[in-house]
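Each remark here refers to the structure printed beneath this line.
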Amino acid sequence: MENLPESPFFESTLGSSSSSPSQKIPNDLGALTPNQLVLLIDDDSLRGEVMHHLYEKKDSCKNLALLLWNNFNTVYMLLLEVLSVYKKFSPSTLSIREATRVCCAIALFQVLELDPRSRVEAGFQIDHRGQMSIWKLGNGSAEIPCYFYPFLKPCGDDKHLECVRTTTLGFLSDLTKFDDPHGSDALRFFLKSEVVPLCLKCMDVCDEKSQKLATLIVMNILKQESGLTYCSATPERFFAIVQVLRRVVEKLSLKPCLLHLEYVIQCYVCLSKIYRSIGTTTKLRGCCKFYISIFMDVYIFRQLKREKALQRRLHQVMHQVLHQVQRVRERERSEVVL
Numbered sequence: 171m172e173n174l175p176e177s178p179f180f181e182s183t184l185g186s187s188s189s190s191p192s193q194k195i196p197n198d199l200g201a202l203t204p205n206q207l208v209l210l211i212d213d214d215s216l217r218g219e220v221m222h223h224l225y226e227k228k229d230s231c232k233n234l235a236l237l238l239w240n241n242f243n244t245v246y247m248l249l250l251e252v253l254s255v256y257k258k259f260s261p262s263t264l265s266i267r268e269a270t271r272v273c274c275a276i277a278l279f280q281v282l283e284l285d286p287r288s289r290v291e292a293g294f295q296i297d298h299r300g301q302m303s304i305w306k307l308g309n310g311s312a313e314i315p316c317y318f319y320p321f322l323k324p325c326g327d328d329k330h331l332e333c334v335r336t337t338t339l340g341f342l343s344d345l346t347k348f349d350d351p352h353g354s355d356a357l358r359f360f361l362k363s364e365v366v367p368l369c370l371k372c373m374d375v376c377d378e379k380s381q382k383l384a385t386l387i388v389m390n391i392l393k394q395e396s397g398l399t400y401c402s403a404t405p406e407r408f409f410a411i412v413q414v415l416r417r418v419v420e421k422l423s424l425k426p427c428l429l430h431l432e433y434v435i436q437c438y439v440c441l442s443k444i445y446r447s448i449g450t451t452t453k454l455r456g457c458c459k460f461y462i463s464i465f466m467d468v469y470i471f472r473q474l475k476r477e478k479a480l481q482r483r484l485h486q487v488m489h490q491v492l493h494q495v496q497r498v499r500e501r502e503r504s505e506v507v508l
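Counting in my numbering, the sequence shown runs from 171 upward without gaps.
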């Protein structure tokens, strides 16, 4: 796949090995402890079921994240599951079994990501260049979330791939909790790896759940000052976001979802702050004429009749936009007089 980092795999001849003939495998893998299960993850014939049972035990095994990270070869095998389905994309030939396996692998990465102990040990460490990095492996060249990005690229109407995409977006949305100790590093990673365009594509053409999760990711990025700066760095980037949000609103008018609409309005609240920095010669002003019309959407007001909190938020957006436009006009008139 294009734009992927170098292979994360350690220099090793290990592949999908099978269990030793002398090793007795019980019929019911669910009866095994997590410590016993991770020892079987090298066996390709058992890996799917092993991953499933490991994920099922995430609540009862408080040390599952550290167990996954510290057990030799486990992360390698989870990444093998992710990479193994790349060739199934275009045209999509992904089976339900393959989709389930890769979803389990991503879900286990999510277990690693959600545990503060494994995040510190596995995720945010200083590399040899003195730079903070997310989930570096081996020589520090592999950022694990990048290997999930190909799942965000729509490849036709395929429900199995859509399931993997939704799982991926759920994993990434957990990384956008930027108020944790490593939040600023996660934000820099997202901006550097350009996750926003991928999420905009999901918001535009994927199914409802993927659209909602992608909007949540964009919203959380926009709520950060550096994220907002990134999204408004050029008129083209700003306008692309505005256009996608508009199309999301149009789709929501056909099949309402108040939570999704709340995410969209919060995106508008963030974007409306752009006006504070718009000068009389800024090209963004051309985009803003279109932007203002979005807030006049009759559908939005009709949907929010009973949602007073969202109504107030939308009024906040309109007030900010119209107030800043008025200030720009007054400034222009004063310059003409001078």
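The C-beta atom is built at its ideal place from N, Cα and C for all residues, glycine as well.
Quiz item: Can a CB atom of chain B be found closer than 7 Å to the CB of Thr337?
Solution: Going by chain labels, chain B is absent from the structure shown, which holds only one protein chain.
Quiz prompt | Given 8 Å, three or more beta-carbon pairs between the stretch 400 to 412 and the stretch 363 to 381 | solution = Enough Cβ pairs lie closer than 8 Å, so yes.
Quiz prompt | Backbone CA spacing between Pro426 and Val419 [nearest angstrom] | solution = 9 Å
Quiz item: For Ile266, does the count of other Cβ atoms within 10 angstroms reach 16, so buried, or fall short, so exposed?
Solution: exposed
Quiz item: Less than 7 Å separating the beta-carbons of Phe563 and Ile276?
Solution: Outside the shown range of the chain, which is 171 to 508, sits residue 563, and nothing can be said about it.
Practice problem: Compute the Euclidean distance between the alpha carbons of Pro283 and Leu345, then round it to the nearest angstrom. | Solution: It should be pointed out that residue 283 corresponds to Glu in this sequence rather than to Pro. Glu283 and Leu345: Cα-Cα distance of roughly 8 Å.
Quiz item: Which term fits Val375, buried or exposed, when burial requires 16 or more other beta carbons within 10 angstroms of its beta carbon?
Solution: Burial call: exposed.
Quiz item: Do you know how far the Cα of Ile435 is from the Cα of Arg482?
Solution: 10 Å
Practice problem: Round the Cβ separation of Leu264 and Asp213 to the nearest angstrom and send it over; I've been treating them as touching at under 8 Å. | Solution: Not really, about 22 Å apart at Cβ, beyond 8 Å.
Exercise. Quick one: grab the DSSP three-state call for Glu364.
Key: coil
Quiz item: What is the rounded straight-line gap between the Cα of Asp285 and the Cα of Asp350?
Solution: 12 Å
Quiz item: Given that a residue counts as buried once 16 or more other Cβ atoms are within 10 Å of its Cβ, and exposed if not, what is Leu428?
Solution: Its Cβ having fewer than 16 others within 10 Å, Leu428 is exposed.
Quiz item: Hey, how far is the Cα of Lys393 from the Cα of Ala403?
Solution: Using only the alpha carbons, I get a separation of about 15 Å.
Quiz item: Applying the criterion that 16 or more other CB atoms from any shown protein chain within 10 Å of the CB defines a buried residue, is Tyr256 buried or exposed?
Solution: exposed
Quiz item: Helix, strand or coil: which one does DSSP assign to Glu291?
Solution: Confidence at Glu291 is low in this model, with a pLDDT of 49, below 50, so the placement of that residue should be treated as unreliable; the coordinate-derived value is given next. Three-state result, Glu291: helix.
Quiz prompt | Nearest candidate by alpha-carbon position, reference Val252, set Leu357, Lys443, Pro320 and Asn390 | solution = Pro320
Quiz item: What whole-angstrom Cβ distance do Leu248 and Leu209 have, given they're in contact under 8 Å?
Solution: Not really, about 15 Å apart at Cβ, beyond 8 Å.
Exercise. Return the chain-ordered list of same chain residues with a C-beta closer than 7 Å to the C-beta of Thr244, the five sequence neighbours on each side being excluded.
Key: Excluding five sequence positions before and after Thr244, the CB atoms of its chain that fall closer than 7 Å to its own CB belong to Val208, Ile211 and Leu238, given in chain order.
Quiz item: What is the DSSP secondary structure of Val255, reduced to helix, strand or coil?
Solution: Coil, per DSSP.
Quiz item: Out of Leu250, Thr203 and Gly218, which has the shortest C-alpha to C-alpha gap to Lys227?
Solution: Thr203
Quiz prompt | Residue nearest to Val334 in terms of C-alpha spacing, selected from Cys274, Glu378, Gly397 and Leu199 | solution = Cys274
Exercise. Pick out whichever of Val281, Thr399 and Ser354 has its Cα sitting closest to the Cα of Thr338.
Key: Comparing Cα positions, the closest option is Val281.
Quiz item: Does DSSP put Gln206 in a helix, a strand or coil?
Solution: Gln206 falls in the helix class under three-state DSSP.
Quiz prompt | Thr346: first and last residue of the uninterrupted alpha helix (DSSP H) it sits in | solution = No alpha helix (DSSP H) holds Thr346; DSSP gives it neither H nor E.
Quiz item: With C-beta atoms as the reference, is Tyr400 less than 7 Å away from Leu361?
Solution: yes
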